[in-house]
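Residue numbers (the working numbering), protein chains in the order written: chain A, -6 to 199; chain H, -6 to 199.
Single-structure report; data block below.
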DNA sequence: CGTATTTTAGACCAGATGTACTAAATAAAT
DNA sequence: ATTTATTTAGTACATCTGGTCTAAAATACG
């Protein structure tokens, strides 16, 4: 029955989000589902196997998102929209980002995969920024406008906004958190906008 | 013997940094020290008590740093120096930042204290930025230069640069990591500098 | 020196966890 | 319908953990 496996993933996801990966055991997940723990082990070798599959779900959602956003329409509007939607998707799997370091430490395979994906993310931003410069929307690079640093700032905020939200915004609603931190990321771009860029973003903000 | 307590803190700090807080038990620390675990419990009620004292050590170091940096000399040079030195100090206690969310979740008292300190951090940056604007070093605030967002960006990077380093820079030397991520933080300010500000920072970078 | 206090060790307990193994129940297939 | 494969439950085990209690050793003190 394929159904059981799905239920396990779903329950695990919710429990991970609630209590944190470290505080959820195989036995807890099975108890929650009214299953024997040996049954759970039949479907997943261990907790890491569950996490790996959940990570794959995230990836699939991200790929679907990328596909839905037209590549040729390479505007800042699309960039910001993908931020909002990406943030919304990852929120449902927030345990993964909040316990990121724990997970990476105990799962070297996932760690390497994560590093590979990061390279893709880097190139994506790199080329987006280049085309925004070419379009006169972002300022040209200079000693005080080093876009490699910008991309690394984006990386940290993308990786850890959920951790930060857990500490500083506990109790706030999903929508509020997602839009706050989405704005935080977008504001990284603002001081790099040209006048033309600003007027384009002005329209988006209406 | 006060000595034992110090040794426990020292060993705990090293083990936490090495293995992560979740993977270190009271019994492990005592084993490492050749002590009985009941002896450890005699000195510290539990693991959280150890972490709390280590956190106090961090605070004391931070206070000493703030005192050493003259308040009246409110330049961007001092700001950047305190970043470098602050980053260096916290590196030795990196477990605290890497396992921040875990620690906050299981230690509500520490969480509140951390939130209080964050308010101080906020006001500090707020007033520093204001005086830098007044001095013509940073640009005036505007719709595309919202300094509240800048301060929140600073917050996330300050809180999670060590986590990010653990994932992306494993194996790199301390000095490299500290200076890389210090630069990352400083670059948050760069696009907000006036021409005057740029020329001042130019001298610092020589 | 003898007494009181602090520090340390050892033993024990109850609970949770991962893992392995066996057997029953259910579903699929021929 | 009988066999085969898949899915599930149950049990048992070794390990680790936090916590408590008791007593010995070390230290401080009067």
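Just so it is clear, CB atoms sit at the ideal spot from N, CA and C, and this is done for glycine as well.
Q) By Cβ distance below 7 Å, which residues in the same chain neighbour residue 158 of chain H in space, the five residues on each side in sequence not counted? A) 170, 174
Q. Per DSSP, residue 135 of chain A forms a beta bridge with which residues?
A. Residue 135 of chain A has A:138 as its beta-bridge partners, per DSSP.
Q: Check whether the Cβ of residue 13 of chain H lies closer than 8 Å to any Cβ atom in chain A.
A: yes
Q) Which ranges does the beta strand (DSSP E) cover as unbroken runs of at least 3 residues, wholly within the stretch 85 to 126 of chain H, from first to last along the chain? A) none
**Q.** Rounded C-alpha distance that separates residue 133 of chain A from residue 126 of chain A
**A.** Rounded to the nearest whole angstrom, the CA to CA distance from residue 133 of chain A to residue 126 of chain A is 6 Å.
Q. Cα-Cα, which of A:44, A:49, A:45, A:4 is closest to residue 28 of chain A?
A. When only C-alpha atoms are compared, the closest one is A:4.
**Q.** Start and end residues, alpha helix (DSSP H) containing residue 175 of chain H
**A.** It spans 167 to 182 - the alpha helix (DSSP H) in which residue 175 of chain H sits, taken as one unbroken run.
Q: Would you tell me roughly how many angstroms separate the C-alpha atoms of residue 26 of chain A and residue 44 of chain A, rounded to the nearest one?
A: If you take the alpha carbons of residue 26 of chain A and residue 44 of chain A, they lie about 17 Å apart.
Q: Taking only beta-carbon positions, decide if residue 145 of chain A is within less than 8 Å of chain H.
A: yes
**Q.** Alpha-carbon to alpha-carbon, residue 168 of chain A and residue 138 of chain H
**A.** 24 Å
(Q) Please confirm whether residue 138 of chain H has its beta-carbon closer than 8 Å to some beta-carbon of chain A. (A) yes
Q: Step through the CB atoms of chain H and report whether any lies within less than 8 Å of the CB of residue 36 of chain A.
A: Closer than 8 Å: no.
Q. Roughly how many angstroms lie between the CA atoms of residue 161 of chain H and residue 119 of chain H, to the nearest whole one?
A. 31 Å
Q: Compare the C-alpha of residue 31 of chain A against each of A:199, A:20, A:12 and name the closest.
A: With distances taken between Cα atoms, residue 31 of chain A lies closest to A:20.
Q | Backbone secondary structure at residue 28 of chain H - three-state DSSP | A | Residue 28 of chain H falls in the coil class under three-state DSSP.
Q: Spell out whether any CB of chain A is found under 8 Å from the CB atom of residue 101 of chain H.
A: Contacts with chain A at 8 Å (Cβ-Cβ) do not include residue 101 of chain H.
**Q.** CB contact check: residue 151 of chain A to chain H, cutoff 8 Å
**A.** no
Q) For chain A, is any of its Cβ atoms less than 8 Å away from the one on residue 188 of chain H? A) no
Q: In the DSSP assignment, find the alpha helix (DSSP H) that holds residue 37 of chain H and state where it starts and stops.
A: Element bounds for residue 37 of chain H: n/a, residue is neither H nor E.
Q. Residues in its own chain within less than 7 Å of residue 70 of chain A by CB, not counting five upstream and five downstream?
A. 197
Q) Leaving out five residues before and five after residue 177 of chain H in sequence, what residues of the same chain have Cβ atoms less than 8 Å from its Cβ? A) 150, 154
Q) Given that a residue counts as buried once 16 or more other Cβ atoms are within 10 Å of its Cβ, and exposed if not, what is residue 200 of chain H? A) Residue 200 of chain H lies beyond the residue range present for chain H, which begins at -6 and ends at 199; the question has no answer from this structure.
Q: Have a look at H:87, H:1, H:48 and flag the residue whose alpha-carbon is nearest the alpha-carbon of residue 12 of chain H.
A: H:87
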